[in-house]
Structures are given as C-alpha cells and as structure tokens.
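One structure is given below, encoded as structure tokens.
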Amino acid sequence: MQNQLTFKINLTIYNSQLKYMYFKSTFFEDYQLNDKRVTLGRTITETDFVVHAGHTGDFFPHHMDEEWCKTQPFGQRIAHGTMVFSIGIGLTASEINPEAFSKGYDRMRFVKPVHIGDTIHSEITISEKGEAKKPDMGTVTEHVEIINQKGEVVLVCDHLLLVKKNL
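What the sequence shown shows, in my numbering, is residues 170 to 336, in sequence order.
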C-alpha cells in the first residue's frame, strides 16, 4: 500500500550528530494513530533571543532586560513563546513529505518558560485522522510537545495536515 519516494537532499552536522534531510512520500493511509517520533535536541542561546527580537520587533523586557528580569518572579530572561515554537517546529523538519500540506496549528499553549541554556526537543504523535472535503485527501493531526532538558513540557500545539490518499 505504501508508495515511498525517498531522496537525501542535505547533510548537516548538528550537536555532533549527523542529520539527514530527505523527501519521503507518506500517504494518508500510511499514518497510524499514536505513531510517535522524537527529534534531536537544541540548546537555546542569547543569540536566539537577540535574532528573534530583531525579526519580530518584540523587545519586551521579559526577553531582553536581564537586570529587570532579576526583579521578577522567574528571576531571569524568558524566551519568546513564538521563538520556542519556531525552533521546536524547525527541529521536526528533517523529513519532507511531498504528499502533505500544512494547514496550520491549533491549540498552542506556552506551558512553562524556556531560558537561555535550556535544551529543547520535540515529540510528535499522530493524534487524529479524518476525511477531507476532497475525496482524494485526508486530514491528519500531529500533537506536538516541545520538552526541555528536565523532561518538562514547555509548549504544546496541534499541527493540522492535509494529506493525499494513495488511490
């Protein structure tokens, strides 16, 4: 039933590990509920904070003013939630499925703060499958959890996909 097309398109060295980015055709029928994949980790740096603030214009003191943050309950700078989302989702981008199209993200929550020096990874679980308006497509929901080095969930969201059926 599975018609797979796989091409390796890039090789990167990441956290001293080899990581391949490749195309892999995965059709609606190939997705199984509760299937799970886990990404490599990535340590958050001050450069991440500065670059993200520059890209977004979000220079709130919670992210950029170390001295002010020392007077606040968390005691240190807090990563932009949108940055944690972007990096966490970026970690999932090693496998490119030409049969699927992202429809967006639902139910995103910033569960716990992320700080400079924290290491995050993403865990992705197939949580729902359904029919789409077009009979040659189906919908797949991936539940995404971004987790820190302590095993704490720091961000959750659902990734909505429209996926071709293998007719």
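Cβ coordinates follow ideal geometry from the N, Cα and C atoms, glycine included.
Could you have a look at residue 244 and say whether DSSP puts it in helix, strand or coil? Taking the first residue of the sequence shown as 1, we reach residue 244 at position 75. The answer is coil: DSSP assigns residue 244 none of H, G, I, E or B.
Which of helix, strand or coil DSSP assigns to residue 219: Walking along the sequence shown from the start, residue 219 turns up at place 50. Reduced to three states, the DSSP call for residue 219 is helix.
Which residues mark the beginning and the end of the alpha helix (DSSP H) in which residue 256 is found? As a position in the sequence shown, residue 256 is number 87, starting the count at 1. From DSSP, the alpha helix (DSSP H) with residue 256 extends over 250-259.
Answer with buried or exposed for residue 181, where buried requires no fewer than 16 other C-beta atoms within 10 angstroms of its C-beta. Sequence index remark: in the sequence shown, residue 181 carries index 12 (1-based). At residue 181 the pLDDT is 47, less than 50, meaning the model places this residue with poor confidence; the figure from the coordinates comes in the next sentence. Looking at its Cβ environment, which holds fewer than 16 other Cβ atoms inside 10 Å, residue 181 is exposed.
Could you tell me if residue 271 is buried or exposed, where buried requires 16 or more neighbouring beta carbons within 10 angstroms of its beta carbon? Residue 271 sits at position 102 when you count from the first residue of the sequence shown. Exposed, by the Cβ-count rule.
Reduced DSSP secondary structure (H/G/I, E/B, other) of residue 232: For the purposes of this step, residue 232 is taken as residue 63 along the sequence shown, with counting starting at 1. If DSSP states are grouped into helix, strand and coil, residue 232 belongs with the helices.
What's the gap between the Cα of residue 210 and the Cα of residue 190? By 1-based counting over the sequence shown, the position of residue 210 is 41. By 1-based counting over the sequence shown, the position of residue 190 is 21. A straight line joining the alpha-carbon of residue 210 with that of residue 190 spans about 16 Å.
Looking only at C-alpha atoms, which of 275, 303, 255 sits nearest to residue 224? Looking up residue 224 in the sequence shown gives position 55. Of the candidates 275, 303, 255, 255 places its Cα closest to the Cα of residue 224.
Quickly, what does DSSP pair residue 313 with across the bridge? List them, please. Reading the sequence shown from its first residue, position 144 is the one you call residue 313. Beta-bridge pairing links residue 313 to 293, 326.
Under 8 Å by Cβ, that's how I've got residue 232 and residue 247 pegged, so tell me the actual separation to the nearest angstrom. Position 63 of the sequence shown, counted from the first residue, corresponds to residue 232. Position 78 of the sequence shown, counted from the first residue, corresponds to residue 247. About 6 Å separates the CB atoms of residue 232 and residue 247; that is less than 8 Å, so the two are in contact.
Work out the CA separation of residue 304 and residue 318 for me, nearest whole Å. As a position in the sequence shown, residue 318 is number 149, starting the count at 1. As a position in the sequence shown, residue 304 is number 135, starting the count at 1. Each residue's Cα considered, the two are about 43 Å apart.
What are the boundary residues of the beta strand (DSSP E) that includes residue 274? Within the sequence shown, the letter at position 105 stands for residue 274. For residue 274, the enclosing beta strand (DSSP E) starts and ends at 269-279.
Selected residue, minimal CA-CA separation from residue 196, among 267, 295, 245: To locate residue 196, count along the sequence shown from 1; it is residue 27. Comparing Cα positions, the closest option is 267.
Residues sharing a beta bridge with residue 265, DSSP: Here residue 265 refers to the residue found at position 96 when the sequence shown is read from its first residue. For residue 265, which the question treats as bridged, DSSP gives the partners 192.
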